[in-house]
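Undergrad: Structure incoming, see below.
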Amino acid sequence: MPTRNTQSGFLLLAILLLSACGSDSGFNEDTDFISKNGFVQFVNMMPDSPEVTMFHGRDRETSRFPFAQAARQTPVDKYDWRIAYLDANDDEVTVAEGENQPILEDGLSTYLWMGSLSQPNIQIVDAPFIVSSNRPAGVADIWFASNLTNHPMVDIYLTDLGATLTDAAPLASVTSGSFTSRFSVDAGPDQQVRITVSGSNELLFDSGSLEILNKTEDLYALVDDFGPDGAKHVNVIRTIGSIGSTILDESQPASVRIGNYSEQSPVTAMLGAAVYPNINKQTRSSSQEAENGSFEFKITDASDTILEESPGPVTIRGGAFQSIYTFENNTTDATSVTRSLIAIDSFRLVRDRVLLKFINGSNELVDVYILRPGQDLDEVPALLNDISFAAQQNIESIANEVEYVVRNSDNTETLASMSNTQQAGVSYTLVFDTQGVLHVLTD
Numbered sequence: 010m011p012t013r014n015t016q017s018g019f020l021l022l023a024i025l026l027l028s029a030c031g032s033d034s035g036f037n038e039d040t041d042f043i044s045k046n047g048f049v050q051f052v053n054m055m056p057d058s059p060e061v062t063m064f065h066g067r068d069r070e071t072s073r074f075p076f077a078q079a080a081r082q083t084p085v086d087k088y089d090w091r092i093a094y095l096d097a098n099d100d101e102v103t104v105a106e107g108e109n110q111p112i113l114e115d116g117l118s119t120y121l122w123m124g125s126l127s128q129p130n131i132q133i134v135d136a137p138f139i140v141s142s143n144r145p146a147g148v149a150d151i152w153f154a155s156n157l158t159n160h161p162m163v164d165i166y167l168t169d170l171g172a173t174l175t176d177a178a179p180l181a182s183v184t185s186g187s188f189t190s191r192f193s194v195d196a197g198p199d200q201q202v203r204i205t206v207s208g209s210n211e212l213l214f215d216s217g218s219l220e221i222l223n224k225t226e227d228l229y230a231l232v233d234d235f236g237p238d239g240a241k242h243v244n245v246i247r248t249i250g251s252i253g254s255t256i257l258d259e260s261q262p263a264s265v266r267i268g269n270y271s272e273q274s275p276v277t278a279m280l281g282a283a284v285y286p287n288i289n290k291q292t293r294s295s296s297q298e299a300e301n302g303s304f305e306f307k308i309t310d311a312s313d314t315i316l317e318e319s320p321g322p323v324t325i326r327g328g329a330f331q332s333i334y335t336f337e338n339n340t341t342d343a344t345s346v347t348r349s350l351i352a353i354d355s356f357r358l359v360r361d362r363v364l365l366k367f368i369n370g371s372n373e374l375v376d377v378y379i380l381r382p383g384q385d386l387d388e389v390p391a392l393l394n395d396i397s398f399a400a401q402q403n404i405e406s407i408a409n410e411v412e413y414v415v416r417n418s419d420n421t422e423t424l425a426s427m428s429n430t431q432q433a434g435v436s437y438t439l440v441f442d443t444q445g446v447l448h449v450l451t452d
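Take the sequence shown: its position 137, counting from 1, is numbered 146 in the numbering used here, and each next residue is one higher.
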């Protein structure tokens, strides 16, 4: 009973104190408890970056290269921050860190992760954050940042679509490891961003038709290109649109090869006007240059019998390595002897990692596991779940001795497995065919 009386007394005192606060002329219930906020965004521009984690206060954000995050709201405060990743021994490595970095009220702090993992150059750019409703109509603010290994300085042009480059003046020039100021430009469709080696007309990037959205702010981050002619080109990612969206480079062709994992041998593939002759079973052809666009695709056997003809044009992405894999068509409603799917290849060198692609050419829904020494299936989650006839690409895996395991989606049966010593900086393609065979290909 004494305890209850004491608690009641404390409760009454608290109510009286709160009532007194509410009647105090210095208290404003509309403003005193309102949180003040700013905004923050992270942009991963480091070309050798594996998946890294940004610790910002109590928040954490994982990202891979290239990554451009949309601005997110964050309470005004001073924050400690740290960028880290796991090395090949599963030890956490700190790439860069800082203390007491302020987020300002109605401000935007952009963390540009430039340099490389071994020599990071983290630039923190503070600017006012202006909501769309407060921006003037018909214009947008854009700015640029560069982290280019092969191009110390570039010129950036923004023109109407199709304008002659030699008649235009650069909007900005930017050196690698730095960024520009904001530029107020006309919003609208049918614009074009082109990037050249500074002081020349040597074209490094061409966006083709581009829309600049009304009443927005957009960062264009210039990063290393790992396409077929990447040393002579740059990639551009932007913060407007889907996270980490890369603008298609119209100035760089694609490179395409064909893999024959059907039961037919040899086969000939035709992609538009390009011909890939005599591809033997369980081999891949040499790569051929292909323009950006959509093309008819056809597979024939040694007697020119059509084994497969695409029902519609196959889209080829400029500036990318791509592979088309052909399999036996064992589906119940098959109308062709073979069927094919396309995958994008990546040859980027990633610190302490390999890059994997998994190609499921079978009719099975499958799960994929990667086991390291001493691990069992029951203690490791599936890397991929319920994969149908499809290609899964740009999967990071720590360089180590591993066993690849393919199981049915019910996780009751192992369909195939194979061991491999994964070498850092190497890309691998895992092909699971209609015969239940797992092929491990070194790219």
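Backbone N, C-alpha and C fix where the C-beta goes; we use that ideal spot for every residue, glycine too.
Computed from a predicted model, the values in this text were never measured in an experiment.
1. Answer with buried or exposed for residue 133, where buried requires no fewer than 16 other C-beta atoms within 10 angstroms of its C-beta.
2. Does the count of Cβ pairs from the segment 141-151 and the segment 219-230 closer than 8 Å reach three?
3. Suppose the cutoff is 7 Å on Cβ atoms and the five residues either side in sequence are ignored; what does the same chain contact list for residue 91 look like?
4. Residue 352 to residue 314, Cα distance in whole Å?
5. Looking at the structure shown, is residue 174 part of a helix, part of a strand, or coil, going by DSSP?
6. Going by DSSP in three states, residue 114 sits in which element: helix, strand or coil?
7. Could you tell me how far apart the beta carbons of residue 345 and residue 338 are, in whole angstroms, since I believe they sit closer than 8 Å?
8. Do the CB positions of residue 271 and residue 347 come within less than 8 Å of each other?
9. Which same chain residues end up closer than 7 Å to residue 188 when comparing Cβ atoms and leaving out the 5 residues on each side of it in sequence?
10. Which of helix, strand or coil does DSSP assign to residue 391?
11. Count the C-beta pairs between the segment 237-247 and the segment 172-190 that are closer than 8 Å, then say yes if the count reaches three, no if not.
12. Who does residue 427 pair with in a DSSP beta bridge?
13. Note down, in chain order, each residue of its chain lying with its Cβ closer than 7 Å to the Cβ of residue 85, except the 5 sequence neighbours on either side.
14. Taking the straight line between their C-alpha atoms, what separation do you get for residue 298 and residue 325?
15. Rank 397, 295, 139 and 212 by C-alpha distance to the C-alpha of residue 173 and give the top, closest one.
16. If you draw a straight line from the alpha carbon of residue 60 to that of residue 359, how long is it in whole angstroms?
17. On a Cα-Cα basis, can you pick out the residue from 164, 234 and 389 that is closest to residue 204?
18. Return helix, strand or coil for residue 239, following the three-state DSSP convention.
19. State whether the segment 285-292 contacts the segment 316-324, with contact taken as three or more CB pairs (one from each stretch) at a distance under 8 Å.
20. Exposed or buried, what is residue 269 when buried is set at 16 or more other beta-carbons lying within 10 Å of its beta-carbon?
21. Would you kindly report the start and end of the unbroken beta strand (DSSP E) that includes residue 146?
22. So what's residue 11 in DSSP terms, helix, strand or just coil?
23. Which stretch, first to last residue, makes up the beta strand (DSSP E) that contains residue 325?
24. Which residues in the same chain as residue 281 place their Cβ atom closer than 6 Å to its Cβ, once the five residues preceding and following it in sequence are excluded?
25. If you compare alpha carbons, which of 420, 381 and 435 is closest to residue 413?
26. Quick one, are the C-beta atoms of residue 440 and residue 450 less than 8 Å apart?
27. Kindly indicate which three-state DSSP category residue 386 falls into: helix, strand or coil?
28. According to DSSP, is residue 126 helix, strand or coil?
29. Excluding sequence positions up to five away, which residues of its chain have a Cβ less than 7 Å from the Cβ of residue 361?
30. Using C-beta distances below 8 Å, list every residue in its chain close to residue 431, excluding the 5 sequence neighbours before and after it, in chain order.
31. Just the C-alpha distance for residue 101 and residue 93, rounded to the nearest angstrom, thanks.
32. Taking the alpha carbon of residue 55 as the point to measure from, which residue in 429, 397, 246 and 366 has its own alpha carbon closest?
33. For residue 362, which of helix, strand or coil comes out of DSSP?
34. Could you tell me the distance, in whole angstroms, from the CA atom of residue 448 to the CA atom of residue 167?
35. What residue from 216, 128, 137 and 109 has the CA that sits closest to residue 119's CA?
36. Per DSSP, what kind of secondary structure is residue 32 in: helix, strand or coil?
TA: Quick answer:
1. On the sequence shown, residue 133 is found 124 positions in, with the first residue counted as 1. Answer is exposed; the Cβ neighbour count stays below 16.
2. yes
3. For the purposes of this step, residue 91 is taken as the residue at position 82 of the sequence shown. These residues qualify, in order along the chain: 64, 103 and 106.
4. Your numbering for residue 352 matches position 343 in the sequence shown. Your numbering for residue 314 matches position 305 in the sequence shown. Residue 352 and residue 314: Cα-Cα distance of roughly 25 Å.
5. The residue given as residue 174 occupies position 165 in the sequence shown. Three-state DSSP puts residue 174 in a helix.
6. Locating residue 114 in the sequence shown gives position 105, counting from the first residue. In this structure, residue 114 counts as coil in the three-state DSSP scheme.
7. Sequence index remark: in the sequence shown, residue 345 carries index 336 (1-based). Sequence index remark: in the sequence shown, residue 338 carries index 329 (1-based). Sure, about 5 Å apart at Cβ, within 8 Å.
8. In the sequence shown, counting from the first residue as 1, residue 271 sits at position 262. In the sequence shown, counting from the first residue as 1, residue 347 sits at position 338. Against a cut-off of 8 Å, the Cβ pair of residue 347 and residue 271 comes out as a contact.
9. For the purposes of this step, residue 188 is taken as residue 179 along the sequence shown, with counting starting at 1. 121, 132, 134, 152, 153 and 154.
10. Indexing the sequence shown from 1 puts residue 391 at position 382. In this structure, residue 391 counts as coil in the three-state DSSP scheme.
11. no
12. Working through the sequence shown from its first residue, we reach residue 427 at position 418. In DSSP, residue 427 forms a bridge with 413.
13. Here residue 85 refers to the residue found at position 76 of the sequence shown. Here the set comprises 45, 46, 47, 112, 113 and 114.
14. Reading the sequence shown from its first residue, position 289 is the one you call residue 298. Reading the sequence shown from its first residue, position 316 is the one you call residue 325. Distance between the alpha carbons of residue 298 and residue 325: 11 Å.
15. Taking the sequence shown and counting its residues from 1, one reaches residue 173 at position 164. Checking every option, the nearest Cα to that of residue 173 belongs to 212.
16. By 1-based counting over the sequence shown, the position of residue 60 is 51. By 1-based counting over the sequence shown, the position of residue 359 is 350. If I take the Cα positions, the gap works out to 9 Å.
17. Your numbering for residue 204 matches position 195 in the sequence shown. Closest option to residue 204, Cα to Cα, is 164.
18. Against the sequence shown, residue 239 aligns to sequence position 230. In this structure, residue 239 counts as helix in the three-state DSSP scheme.
19. no
20. For the purposes of this step, residue 269 is taken as residue 260 along the sequence shown, with counting starting at 1. So residue 269 ends up on the buried side.
21. For this step, residue 146 is matched to residue 137 along the sequence shown. Residue 146 -> no beta strand (DSSP E), and no H or E assigned at all.
22. Start at 1 with the first residue of the sequence shown, and residue 11 comes out as number 2. For residue 11, the pLDDT reaches just 38, beneath the cut-off of 50, and the residue's location in the model is therefore unreliable, although a value from the coordinates is still provided. Helix.
23. On the sequence shown, residue 325 is found 316 positions in, with the first residue counted as 1. 323-325 is the span of the beta strand (DSSP E), which, as asked, contains residue 325.
24. Position 272 of the sequence shown holds residue 281. Only 304 meet the Cβ criterion.
25. The residue you call residue 413 lines up with position 404 of the sequence shown. The shortest C-alpha separation from residue 413 is found at 381.
26. In the sequence shown, the residue the question calls residue 440 occupies position 431. In the sequence shown, the residue the question calls residue 450 occupies position 441. Against a cut-off of 8 Å, the Cβ pair of residue 450 and residue 440 comes out as a contact.
27. Numbered from 1 along the sequence shown, position 377 holds the residue referred to as residue 386. Looking at residue 386 - three-state DSSP - the assignment turns out to be helix.
28. As a working mapping, residue 126 is identified with position 117 in the sequence shown. Coil, per DSSP.
29. If you number the sequence shown from 1, residue 361 lands on position 352. Around residue 361: 59, 96, 97, 407, 408 and 433.
30. Translated into positions along the sequence shown, residue 431 becomes position 422. These residues qualify, in order along the chain: 363, 406, 407, 408, 409, 410, 411 and 437.
31. Residue 101 sits at position 92 when you count from the first residue of the sequence shown. Residue 93 sits at position 84 when you count from the first residue of the sequence shown. Those two C-alpha atoms are separated by around 6 Å.
32. Position 46 of the sequence shown, counting from 1, holds the residue named residue 55. Selected option, being the one with the closest Cα: 246.
33. Reading the sequence shown from its first residue, position 353 is the one you call residue 362. Of the three classes helix, strand and coil, the one that applies to residue 362 here is strand, per DSSP.
34. By one-based count along the sequence shown, residue 448 stands at place 439. By one-based count along the sequence shown, residue 167 stands at place 158. Approximately 46 Å between the Cα atoms of the pair.
35. The residue you call residue 119 lines up with position 110 of the sequence shown. Answer by Cα proximity: 137.
36. Stepping through the sequence shown from its first residue, residue 32 is reached at position 23. Summary for residue 32: the model assigns pLDDT 46, below 50, so the residue's position carries little reliability; its value from the coordinates is reported in the next sentence. Correct three-state label for residue 32: helix.
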